[in-house]
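Note sheet for the following structure.
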Amino acid sequence: MSVLIIADHDLGKLSPATARIVHAVAELGPIDVLVVGENAQNVASDAAQLAGVQKVLVAETASTTDTDLAIIETLAQSYRYVVQSAGSVGRDRMPALAARLDLMPVTDIIEILGPNRFVRPIYAGNALQTITDNQPRHILTVRASAFRAAATGNAATIETVESPTASVARLIATHRTESDTPDLSTAQIVVGGGIALGSAENFQLIERLAKKLNAAIGATRAAVDAGYAPNDWQVGQTGKIIAPDLYIAIGISGALQHLAGIQGAKKIVAINSDPEAPLVKLADAALIGDLFEIIPQLIDELDKAGVR
Amino acid sequence: MKILVAIKRVVDHNVRIRVRPDGSGVETQGVRISMNPFCKHAVEAAVQLGEAGHGDEIVVVSIGPKAATDVILTALAMGAHRGILIETDTDLETLAIAKLLAKVVAEESPDIVLLGKQAVDDDSNHVGQMLAALTNRPQATFASEIKVVGQQLEVTREIDSGRETIAIPLPAIVTADLRLNTPRNAALPMVMKARSKPLAIRPVAEFGVDLTPRLTVEKISPPPERVAGKTVGSVPELAAYIAGEVSQMEAL
Ligand SMILES: Cc1cc2nc3c(=O)[nH]c(=O)nc-3n(C[C@H](O)[C@H](O)[C@H](O)COP(=O)(O)OP(=O)(O)OC[C@H]3O[C@@H](n4cnc5c(N)ncnc54)[C@H](O)[C@@H]3O)c2cc1C
Ligand SMILES: Nc1ncnc2c1ncn2[C@@H]1O[C@H](COP(=O)(O)O)[C@@H](O)[C@H]1O
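Same order as they appear, the protein sequences are chains A and B.
Counting in the numbering used here, the first sequence runs from 223 upward without gaps.
Counting in the numbering used here, the second sequence runs from 153 upward without gaps.
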C-alpha cells in the first residue's frame, strides 16, 4: 500500500518543502504526489522529477479548503498514508480530512521511527511524544525542516484527476510579502530580528545582513506585532519552524515560544546587549553589545573576509 | 446571532515545563494553569462581535476537569453569557474533543463557532478543522481579522506566504490567531458578575461519544540539550566565525 503526498506550491512553483516530505516518507511505500491548483503543470513537472515519486496527479482547479478536501477524500481510499508538510495548508486540511475519515491524524512529525511510529513535539518543543498509530490508515503532517530533500532527476508519469467545481469559500484578497530572499522554512542561513530593532526602517539592517549572506529573514512575534516585519517572517511556536545550518539572532531575547521554532538550527549566533538573555546562553557564538553598532561593522568585516 | 466559543484549560504558557523522568508525561502538578492564550483571543473576538451587534448570546464550552470552571469564569468575566463544562478527568484526543463539540453545536445551533488555532500544551492545531468537518460547516483557520458582512464572514488568515482574506457563508467555524485582537482583562465588577451567570456542568458520558484513544503514546521525553553557549569578544571574531560556517556549508 502506498503514500499520497499533497504538494505545497506557491506562484506556480513547487515549494521546497515538498521535496523534503518525499524524502521523509520514502520508506513508507511507493509515493504518488497530488497537485491541486490552477495552471499546475509546472508544479506537476517539478514534482515528477523528485526521486521516489511514482506518479503525479493533477487537479486543475483553485485550491481552497473544501475543494482540496473533496479531491483528497476521494483519492484517500486507495492509500495507506496521506501526508502533507506541516505548513499553513497542511495544517488547515489534514485534521479536517482525518475527521471526515474518522481517524486521528499525527501532525508535526519530526522523526519517523517505523511504519506506524512517529515523534512529534509538544509544549513548544519542550517535550517529545513518541506515538504508535495502529489505525488502518494514517493521516500525517511532517515538518519539512526536520528532513533533507529528495534528489531530482526522476521522470514520474503525470495524470489528471477530476476536480469538483464550486467552493463555498471565495478568495477576496491576498496580501503577500514581496521578497527575493530564500524560503524561510528550508533556508540554510536565517538572520532573525527582534523588537530591539525599534522600527520597520531599522529592520532593514537585518535585511541588509541577510542579503549579504544570501539568507532568509526571520522575526519574533514581538517584531511582527509591532509592524517591523510581515507575519510570514515570524519564527516560533506560532510561526515558521526553521532548521538552518546557521541562525543569526539579533536583538532577540529567546522566549520559549521563539526557541520552539529554532530547535533544529545547527549553529546559533546571538547579538544582544544582555549577557543574560536565554538566546545568548545557548548560542554557539554570542557577541554582547549594541546591534546598531555591531551590524554595520559586521557587514564590513564579512566583505573584507570575502563572504559572497 | 449566537456564538459558541470553545476554550481549553492548559499549563500557563510562561511555565517552563518539566518532563517526568519516567517518561510518563509532563509535570502538571503545582504549576500555573490558565486559559489557552489562543482561546482568549477567540473569547475576545466573540465579545467584540457582540459589542458590534453581531452576537446576542455568547456561550463558552470547555472539556476537562472540574477545575476548568476557572477558565469558563474568566470567559464569563470577559463578557460571555453562559458556560458549559463537559466534565472529564481523562485527557482526550482531539478527535474525541471535536466529536463532543459537534454534539454541543447540534444542541446550540450557533451561527459562529470560535476556537483557538492551537492549544499550547499538545500543540495539535486540530480541533477547529475537525469540528468543521464533523458539522459540515466551512472553516476559516488562523484568523487575524473577522468581519460580518450580511450572511457571510470575511476572514483574514495568516498563511505561509503572508495573509489572505476569504469569504465564507454562515454558519461557520473560525480559529483565532494571536494578532486577531488584544484580549481584555476583566474589571472586578465583571469578575463578580461572572459568578452569577449560568454554568452547566455535564458529565462527559451524557454525550454518548466513543472516547477510546486511537493513538498510543509510548513515552514523553525531553528534547536533546544544546551545549552551553560561548561568547566572542569582538566583531572581527564574530565575522570570522560566520565566515567559517559559511565556507563549511559551501564545501559540502
Ligand atoms: C501563545 C504564544 C505564542 C507565541 N508565539 C511566538 C512565536 O511563534 N515566535 C516568537 O518569536 N514569539 C512568540 N511569542 C512571543 C514570545 O513570548 C516573546 O514575547 C517574543 O518572542 C519576544 O520577542 P523579542 O525577543 O523580539 O523581544 P524581547 O523579549 O523584548 O527581547 C528583546 C531583546 O533585545 C535585546 N536588545 C535590546 N536592545 C538591544 C540593542 N540595542 N542591541 C542588541 N540587543 C538589544 C534585549 O536585551 C532583549 O534580549 C508567543 C507568545 C505567546 C503567548
Ligand atoms: N478540552 C477542550 N475543551 C474545549 N475546547 C478545546 C479543548 N481542546 C481543544 N479545544 C479547542 O480547540 C482549539 C485547538 O486545540 P488543539 O487542536 O488541541 O490544538 C483550542 O484553542 C480550543 O479552542
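All C-beta atoms in this analysis are idealised placements derived from N, C-alpha and C, irrespective of residue type, glycine included.
- Mind pulling the chain B residues with CB within less than 9 Å of residue 346 of chain A? 165, 169, 272, 275
- Query: Where does residue 526 of chain A fall in DSSP's three states?
  - Reply: It is helical.
- Query: Roughly how many angstroms lie between the CA atoms of residue 340 of chain A and residue 170 of chain B, to the nearest whole one?
  - Reply: 21 Å
- Which stretch, first to last residue, makes up the alpha helix (DSSP H) that contains residue 429 of chain A? Taken as a continuous stretch (DSSP letters only), the alpha helix (DSSP H) holding residue 429 of chain A covers 422 to 435.
- Under the rule that 16 or more other beta-carbon atoms within 10 Å means buried, what is residue 288 of chain A, buried or exposed? buried
- Three-state secondary structure assigned by DSSP to residue 355 of chain B: strand
- Message: Going by beta-carbon coordinates alone, are residue 493 of chain A and residue 517 of chain A separated by less than 9 Å?
- Response: yes
- Message: When you compare the CB of residue 217 of chain B with every CB in chain A, is at least one pair closer than 9 Å?
- Response: no
- Tell me residue 396 of chain B's beta-bridge partners as DSSP assigns them. DSSP output for residue 396 of chain B lists no bridge partner at all.
- Using 8 Å as the cut-off, classify the Cβ of residue 472 of chain A as near or not near the heavy atoms of ligand 1, replying yes or no. yes
- Task: Spell out whether any CB of chain A is found under 9 Å from the CB atom of residue 181 of chain B.
- Result: no
- Output the distance between the C-alpha atoms of residue 421 of chain A and residue 182 of chain B, rounded to the nearest integer angstrom. Each residue's alpha carbon lies about 40 Å from the other.
- How about residue 188 of chain B: is its Cβ closer than 8 Å to a heavy atom in ligand 2? In this structure, the C-beta of residue 188 of chain B approaches ligand 2 to less than 8 Å from one of its heavy atoms.
- Going by Cα to Cα distance, which pick from A/478, A/336, A/280, A/225 is closest to residue 300 of chain A? A/225
- Ordered list of beta strand (DSSP E) runs contained in the stretch 442 to 480 of chain A, each at least 3 residues: 468 to 472
- residue 382 of chain B: buried (16+ other C-beta within 10 angstroms of its C-beta) or exposed? exposed
- What number of angstroms, rounded off, separates the C-alpha of residue 475 of chain A from the C-alpha of residue 153 of chain B? 43 Å
- Closer than 9 Å, Cβ to any Cβ of chain B: which residues of the stretch 324 to 335 of chain A, in chain order? 324, 325, 326, 327, 328, 329, 330
- Excluding sequence positions up to five away, which residues of its chain have a Cβ less than 6 Å from the Cβ of residue 446 of chain A? 453, 456
- Straight-line CA distance for residue 303 of chain B to residue 173 of chain B? 53 Å
- Name, in chain order, the residues that DSSP records as bridge partners for residue 439 of chain A. A/413
- Query: Is residue 478 of chain A near ligand 1, with its Cβ less than 8 Å from a heavy atom?
  - Reply: yes
- Task: Considering only heavy atoms of ligand 2, list every residue whose Cβ is less than 7 Å from one of them, following chain order.
- Result: B/158, B/159, B/160, B/188, B/190, B/191, B/194, B/213, B/214, B/215, B/216, B/244, B/246, B/249, B/253, B/267, B/268, B/269, B/270, B/271, B/274, B/275, B/276, B/277, B/278, B/279, B/280, B/327
- Message: According to DSSP, is residue 153 of chain B part of a helix, a strand, or is it coil?
- Response: In this structure, residue 153 of chain B counts as coil in the three-state DSSP scheme.
- Message: My parser needs the beta strand (DSSP E) runs of 3 or more residues fully inside the stretch 240 to 297 of chain B; what are they?
- Response: 264 to 268
- Three or more C-beta pairs below 8 Å linking the stretch 233 to 247 of chain B and the stretch 348 to 356 of chain B: yes
- Item | residue 187 of chain B vs residue 227 of chain B beta-carbon contact at 9 Å | yes
- Message: In the DSSP output, what is residue 489 of chain A paired with across the bridge?
- Response: Paired residue(s): A/468.
- Item | Buried or exposed by the 16-neighbour rule on C-beta atoms within 10 Å, applied to residue 252 of chain A | exposed
- Item | Beta-carbon gap between residue 361 of chain A and residue 328 of chain A smaller than 9 Å | yes
- Just grab the DSSP bridge partners of residue 349 of chain A for me. A/344
- Query: Taking contact to mean at least 3 C-beta pairs separated by less than 8 Å, is the stretch 324 to 337 of chain B in contact with the stretch 274 to 288 of chain A?
  - Reply: no
- Item | Residue-level contact to chain B via CB, residue 387 of chain A, 9 Å cutoff | For residue 387 of chain A, the nearest beta carbon of chain B is not closer than 9 Å to its own beta carbon.
- CB contact below 9 Å: residue 384 of chain B versus chain A: yes
- Query: Using CA coordinates, which residue listed in B/337, B/359, B/293, B/305 is at the minimum distance from residue 248 of chain B?
  - Reply: B/359
- Item | Neighbour flag for residue 419 of chain A against chain B, beta carbons, 9 Å | no
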